[in-house]
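Visitor: Encoded as structure tokens, here's the structure I'll be asking about.
Chains as they are written, first to last, in this note's numbering: chain W, 6 to 615; chain P, 0 to 495.
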């Protein structure tokens with residue numbers, strides 16, 4: 006099977022290339038067949054690999070990419086249990102979303118361009134997770150960033166979409182620059198970028214808590230928070246919802262944004278040597294998950310709510326990584342991919358059937374009109390809220406319990422995590438109750454077709470039952486102690502989400518309590534606005550970065566350096582005028598100057614001689 | 000090599016005269032000449048013994064020279080017509096000929112007046128550049144350095160845009176003054192050498208290793224450094240570039256950005272450092288600081304521009320900052336990166352200038368506030384520009400990434416702080432590149448605008464550059480191996 010590994014990324018790449026060059030000549034039917042089929046074929050390859058997998062990591066070098074001095078990086082793959090989980094998610098969920106797109110995007114002028122970008126994205130993402138060295142991983146890392154840029158700005162004729170796309174690219178690039186520096190540092194220390202070799206060498210050379218290890222992992226963490234939209238680089242993700250909804254499902258929920266989690270999991274051997282960084286990962290995770298949960302509660306755009314909830318759920322994954330629950334984080338990554346893709350696709354179906362309506366206040370009562378979508382959304386929301394038996398419950402529970410067991414300030418992390426779980430249940434069921442119950446404000450003008458319904462159905466199964474899938478990562482990560490937290494802890498983590506659902510019911514459906522009064526009071530209003538604008542982080546960055554940069558650009562636009570040269574030119578001109586003025590044509594003046602010059606010259610000779 | 004120079008030089012004359020036969024003829028003559036030169040070059044390279052390409056690190060002094068030619072010229076002063084070619088020269092000569100073809104394609108429908116003289120200048124300029132890349136006698140080097148300058152001045156002054164006289168004069172003065180500095184330095188070096196060896200020589204091989212005491216060495220080195228940094232252009236000597244680029248005809252910009260700037264980088268690499276290893280090593284922090292400043296300064300100014308061509312010109316300042324950093328970091332990785340950046344920047348920037356030229360020809364403006372949404376009118380153009388934009392911001396998979404990554408990696412080992420500052424260039428590069436794309440090809444469009452898409456000639460030209468950028472981006476190894484012997488011997492010379 007090792008021989009065929011290259012096919013997994015090559016198939017979507019070939020399809021993308023074909024679509025770029027011949028997309029116009031092919032009809033939409035062929036475009037869809039090529040775009041969807043290539044990812045499907047890739048998924049089949051992954052499935053075959055999984056079935057034949059013996060438990061040993063597979064390795065394959067295709068060609069040498071760069072070899073200069075000590076640096077030797079190949080286009081080479083390393084596939085172990087962790088990679089297989091990622092591969093399955095990317096190609097599996099990816100295939101379903103491609104299929105969904107075939108209907109969702111039908112009739113768009115740039116149908117071929119869309120599938121070309123989407124295939125290219127899948128290629129880059131596959132390279133990212135299969136890379137055996139950090140340089141190739143960086144290739145995929147930047148590649149998915151570029152595709153994300155292209156797809157957020159897919160409808161680039163609207164300038165706002167272009168701005169959102171640029172914001173996403175530039176903000177993540179800040180993280181990427183940090184990550185690149187991390188690569189340089191690791192290379193300078195160990196002379197290799199091979200991930201396995203780095204892990205082994207670092208384990209030998211660095212003791213736990215080595216400052217260089219802390220610095221290197223902190224730089225890698227910079228890349229991870231950028232890509233995974235965590236504090237402080239999370240601001241791009243809500244705006245990224247400007248892209249088509251299947252894109253949000255694939256890139257900004259299921260796959261690309263989890264790349265940061267993958268990076269940390271993949272280099273966990275380095276992170277284990279740097280406890281301070283690991284603690285920072287956990288703290289960033291908790292802070293982000295709380296910030297994003299509060300913000301999600303105060304949004305009205307259905308896609309933005311889901312976007313903030315994605316940020317929040319990745320916060321849980323970071324928390325898991327930070328407390329050493331590696332497998333649980335990867336598990337949550339997988340279940341999150343299922344239920345969040347499901348939620349986004351269901352949201353896309355609503356938007357598709359409701360004339361591009363995004364505001365949940367204009368929806369309502371869709372339960373009976375879009376029953377299939379309702380069921381999907383309900384399962385997705387239940388899994389997101391981590392209600393018992395759903396996939397999200399199993400994975401999130403593991404993380405929350407691991408946080409409880411974590412030494413040091415683990416209890417505080419746990420407190421944040423369960424508060425977040427409560428809020429998650431509250432905002433996800435607010436969404437369910439407002440959109441699907443109550444009075445119908447807008448009527449759907451069509452029903453989702455087969456190509457949209459099928460992916461929803463499959464994802465429903467996985468989002469519900471995905472918690473029973475065992476992921477083969479035992480060999481990848483160190484074994485963590487299986488502590489048994491007290492029963493009340495279990496009870497709290499099961500009970501709080503249910504409480505959240507109940508409160509959502511009381512507030513938004515049963516109307517036992519009215520939230521309106523609270524919101525319209527002065528402090529309530531202020532808090533609502535503050536949270537609605539994502540804790541004003543954007544405003545802060547506007548003042549901190551954007552305005553100074555624009556100011557600098559305006560200041561330098563006139564090219565101050567050139568003034569220096571202009572001054573030389575002016576000086577020449579002035580001297581020219583001055584000397585021209587001496588040329589008067591008056592003999593008397595010339596004679597005087599000549600005589601004076603002669604006297605001065607004689608004087609000099611006199612002194613020199615004397 | 001001699002034949003190569005002769006072909007280009009005489010071809011220029013032929014193109015000039017062919018105009019009398021038919022105003023269309025010079026293009027075809029120029030096409031024939033460059034095509035023939037490229038063919039001749041390829042055949043000649045192919046016939047070189049294969050083992051010389053192998054990057055085997057041989058014992059002490061690796062013989063890195065693939066070809067060598069020497070003829071006495073002014074024996075009294077030890078001046079000879081000495082040419083030699085190693086991997087580095089070979090790469091740059093190939094780039095020169097290729098971009099010559101590209102520039103020809105750019106001028107194909109743009110230049111309608113005095114076509115003969117135009118093509119003659121184009122070819123003569125190419126002659127000068129090829130000469131610079133292979134001349135190994137410093138006096139001869141200086142001659143070629145001047146030879147490429149005059150035709151370029153004429154190209155800007157005669158066929159340039161509205162403000163051409165000012166721009167051409169500025170270009171001429173900057174480069175001429177810097178050339179003068181170089182001449183003085185060459186003479187000083189040769190004189191010093193003569194004092195020790197007893198006879199004059201301008202040969203690179205003789206002058207290498209000439210011991211210079213601290214102060215003299217520093218000033219002579221500074222002369223070389225300034226001469227080449229003006230050409231590169233390094234901050235703060237870059238101000239001629241935006242004007243020259245903006246006003247030059249497209250073919251002129253392609254040549255200027257693609258290869259003329261590279262002569263500055265080549266000069267630093269071949270002469271300014273190896274001839275004065277001691278002084279250069281002491282000077283390196285200053286040079287690197289200038290490089291890093293150039294990256295950021297160029298990027299901010301690129302972002303501030305409204306003029307498409309000016310933006311690309313400032314992006315060149317930013318990109319060439321990486322070359323300066325790479326050269327003065329002076330280790331294998333960084334030098335390879337700098338060489339790669341010379342090639343990658345040559346291709347990607349030439350392509351962006353061609354885009355600017357194509358837009359100007361169609362829209363009669365370079366002002367981006369009058370563009371926007373052009374993808375709607377010209378999707379092929381948009382797709383190509385998108386790719387070149389990605390190349391310009393250093394996306395992995397394209398040649399520029401390989402270059403920037405190697406430079407930064409090497410730089411990090413030599414001067415970590417500089418690498419941190421330069422890495423900011425990754426962010427600023429994204430900012431100006433994407434804003435350029437947004438303001439020209441994206442945004443709200445106007446379907447009624449008359450903007451013909453690329454025809455076959457332009458599309459093929461662009462696709463050649465796309466193919467090269469992608470190829471060098473995912474499989475740069477052949478180029479790296481070609482340049483490795485040169486890099487090794489440069490490092491060896493500078494260390495001993």
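Just so it is clear, CB atoms sit at the ideal spot from N, CA and C, and this is done for glycine as well.
All values reported here derive from a predicted model rather than from experimental measurement.
Just the chain P side, please: which residues come within less than 9 Å of residue 148 (chain W) by C-beta, in chain order?
Guide: Counting from one through the first chain, the residue named residue 148 (chain W) turns up at place 143. What residue 148 (chain W) touches in chain P: 394, 395, 396.
Visitor: Grab the span of the alpha helix (DSSP H) containing residue 402 (chain W) for me, first residue to last.
Guide: Translated into positions along the first chain, residue 402 (chain W) becomes position 397. Per DSSP, residue 402 (chain W) belongs to the alpha helix (DSSP H) from 396-410.
Visitor: Identify which residue in W:64, W:36, W:108, W:83 has its Cα closest to the Cα of residue 451 (chain W).
Guide: The residue given as residue 451 (chain W) occupies position 446 in the first chain. Per the Cα distances, W:108.
Visitor: Using 10 angstroms around the beta-carbon of residue 597 (chain W), count the other beta-carbons present and answer buried if the total reaches 16, otherwise exposed.
Guide: Position 592 of the first chain holds residue 597 (chain W). Flag for residue 597 (chain W) reads exposed.
Visitor: Just to confirm, is the Cβ distance from residue 224 (chain P) to residue 182 (chain P) under 8 Å?
Guide: Stepping through the second chain from its first residue, residue 224 (chain P) is reached at position 225. Stepping through the second chain from its first residue, residue 182 (chain P) is reached at position 183. Against a cut-off of 8 Å, the Cβ pair of residue 182 (chain P) and residue 224 (chain P) comes out as no contact.
Visitor: Taking just the CA atoms, how far does residue 340 (chain P) sit from residue 53 (chain P)?
Guide: In the second chain, the residue the question calls residue 53 (chain P) occupies position 54. In the second chain, the residue the question calls residue 340 (chain P) occupies position 341. Residue placement at residue 53 (chain P) is flagged as unreliable, the pLDDT there being 44, under the threshold of 50; a coordinate-derived value is accordingly withheld.
Visitor: Report the residues of the region 233-258 of chain P with a CB closer than 7 Å to any CB of chain W, ordered along the chain.
Guide: 235, 238
Visitor: What are the residues of the region 429-449 of chain P that lie near chain W, defined by any Cβ-Cβ distance shorter than 9 Å?
Guide: 429, 430, 433, 434, 436, 437, 440, 441, 442, 443, 444
Visitor: Measuring alpha carbon to alpha carbon, tell me which of W:221, W:13, W:166 ends up nearest residue 55 (chain W).
Guide: Working through the first chain from its first residue, we reach residue 55 (chain W) at position 50. Looking at the Cα atoms, W:13 is the closest of the given residues.
Visitor: So within the region 64-122 of chain W, which uninterrupted alpha helix (DSSP H) runs reach at least 4 residues, ignoring any that extend past its ends?
Guide: 86-109
Visitor: Going along chain P in order, which residues have a C-beta closer than 7 Å to the C-beta of residue 570 (chain W)?
Guide: Mapped onto the first chain, residue 570 (chain W) falls at position 565. Residues of chain P passing the Cβ test: 238.
Visitor: Does the beta-carbon distance from residue 44 (chain W) to residue 91 (chain W) come in below 8 Å?
Guide: Sequence index remark: in the first chain, residue 44 (chain W) carries index 39 (1-based). Sequence index remark: in the first chain, residue 91 (chain W) carries index 86 (1-based). Taking 8 Å as the Cβ cut-off, residue 44 (chain W) and residue 91 (chain W) do not qualify as a contacting pair.
Visitor: For a test of the three-state rule: what should DSSP assign to residue 224 (chain P), helix, strand or coil?
Guide: Numbered from its first residue, the second chain carries residue 224 (chain P) at position 225. Correct three-state label for residue 224 (chain P): helix.
Visitor: Going along chain W in order, which residues have a C-beta closer than 7 Å to the C-beta of residue 372 (chain P)?
Guide: Indexing the second chain from 1 puts residue 372 (chain P) at position 373. Those within 7 Å of residue 372 (chain P) in chain W are 162.
Visitor: Here's a check: name, in chain order, each residue in its chain whose Cβ is nearer than 7 Å to the Cβ of residue 295 (chain W), leaving out the five neighbours to either side.
Guide: To locate residue 295 (chain W), count along the first chain from 1; it is residue 290. Setting aside the 5 residues that flank it on each side, residue 295 (chain W) is surrounded in the same chain by 421, 424, 425, each with a C-beta closer than 7 Å to its C-beta; the list follows chain order.
Visitor: Does residue 175 (chain P) get closer than 8 Å to chain W when you measure Cβ to Cβ?
Guide: Start at 1 with the first residue of the second chain, and residue 175 (chain P) comes out as number 176. So no, residue 175 (chain P) is outside the interface.
Visitor: Return the first residue and the last residue of the alpha helix (DSSP H) that residue 25 (chain W) is part of.
Guide: The count along the first chain starts at 1 and reaches residue 25 (chain W) at position 20. It spans 12-27 - the alpha helix (DSSP H) in which residue 25 (chain W) sits, taken as one unbroken run.
Visitor: Are the C-beta of residue 474 (chain P) and some C-beta of chain W separated by less than 8 Å?
Guide: Within the second chain, residue 474 (chain P) is the residue found at index 475, counting from 1. Yes - at least one Cβ of chain W is within 8 Å of the one on residue 474 (chain P).
Visitor: Within 8 Å (strictly less), CB to CB, does residue 342 (chain P) reach chain W?
Guide: Counting from one through the second chain, the residue named residue 342 (chain P) turns up at place 343. It does not: the Cβ of residue 342 (chain P) has no partner Cβ on chain W nearer than 8 Å.
Visitor: Quick one: grab the DSSP three-state call for residue 441 (chain W).
Guide: Start at 1 with the first residue of the first chain, and residue 441 (chain W) comes out as number 436. Here residue 441 (chain W) sits in helix by DSSP.
Visitor: Quick check: residue 134 (chain P) and residue 180 (chain P), are their CB atoms within less than 8 Å of each other?
Guide: On the second chain, position 135 is the one that residue 134 (chain P) refers to. On the second chain, position 181 is the one that residue 180 (chain P) refers to. No.
Visitor: May I ask you to verify whether the region 463-470 of chain P touches the region 112-128 of chain P, counting CB pairs closer than 8 Å and requiring at least 3?
Guide: The region 463-470 of chain P is not in contact with the region 112-128 of chain P.
Visitor: For residue 492 (chain P), report the span of its alpha helix (DSSP H) as first-last.
Guide: On the second chain, position 493 is the one that residue 492 (chain P) refers to. Note, residue 492 (chain P): alpha helix (DSSP H), 476-494.
Visitor: Give the secondary structure of residue 351 (chain W) by DSSP, where H, G and I count as helix, E and B as strand, and everything else as coil.
Guide: Taking the first chain and counting its residues from 1, the one referred to as residue 351 (chain W) is at position 346. Residue state, collapsed to three classes: helix.
Visitor: What's the gap between the Cα of residue 4 (chain W) and the Cα of residue 242 (chain W)?
Guide: Only positions 6 to 615 of chain W appear in the structure, and residue 4 (chain W) is not among them; the question remains open.
Visitor: Just reading off the beta strand (DSSP E) that residue 84 (chain P) is part of, what are its end residues?
Guide: For the purposes of this step, residue 84 (chain P) is taken as residue 85 along the second chain, with counting starting at 1. Segment 78-84, the beta strand (DSSP E) holding residue 84 (chain P).
Visitor: Starting from residue 511 (chain P) and walking both ways along the beta strand (DSSP E), at which residues does that stretch end?
Guide: The question about residue 511 (chain P) has no answer, for chain P in this structure spans 0 to 495.
Visitor: Within 8 Å (strictly less), CB to CB, does residue 552 (chain W) reach chain P?
Guide: As a first step, residue 552 (chain W) is located in the first chain; it is residue number 547 there, counting from the start. Taking Cβ atoms only, chain P never reaches closer than 8 Å to residue 552 (chain W), which makes this a no.
Visitor: Please list the segments of the alpha helix (DSSP H) lying wholly inside the region 127-179 of chain P, counting only runs of 4 or more residues, in order along the chain.
Guide: 137-146, 148-158
Visitor: Do you know offhand how far residue 290 (chain W)'s Cα is from residue 299 (chain W)'s?
Guide: Along the first chain, one-based indexing puts residue 290 (chain W) at 285. Along the first chain, one-based indexing puts residue 299 (chain W) at 294. Taking the straight line from one Cα to the other gives about 14 Å.
Visitor: Name the chain P residues whose beta carbon is nearer than 9 Å to that of residue 52 (chain W)?
Guide: What you label residue 52 (chain W) is simply residue 47 of the first chain in a count that begins at 1. What residue 52 (chain W) touches in chain P: nothing, since even the nearest Cβ is about 28 Å away.
Visitor: Going along the chain, which residues of the region 122-145 of chain W sit with their C-beta nearer than 7 Å to a C-beta in chain P?
Guide: Answer set for the region 122-145 of chain W: 143, 144.
Visitor: Using only alpha-carbon positions, find the residue among W:367, W:481, W:489, W:473 that is nearest to residue 448 (chain W).
Guide: Translated into the one-based positions of the first chain, residue 448 (chain W) becomes position 443. In terms of Cα proximity to residue 448 (chain W), the closest of W:367, W:481, W:489, W:473 is W:367.
Visitor: Between residue 466 (chain P) and the ligand SAM, is there a pair consisting of the residue's CB and a ligand heavy atom that are separated by less than 7 Å?
Guide: The ligand SAM is not part of this structure, which contains no ligands at all.
Visitor: So, are the CB atoms of residue 438 (chain W) and residue 390 (chain W) less than 8 Å apart?
Guide: Counted from its first residue, the first chain places residue 438 (chain W) at position 433. Counted from its first residue, the first chain places residue 390 (chain W) at position 385. Not closer than 8 Å, so no.
Visitor: Based on Cα-Cα distance, which residue from W:301, W:536, W:466, W:168 lies nearest to residue 343 (chain W)?
Guide: The count along the first chain starts at 1 and reaches residue 343 (chain W) at position 338. Measuring from the Cα of residue 343 (chain W), the nearest candidate turns out to be W:466.
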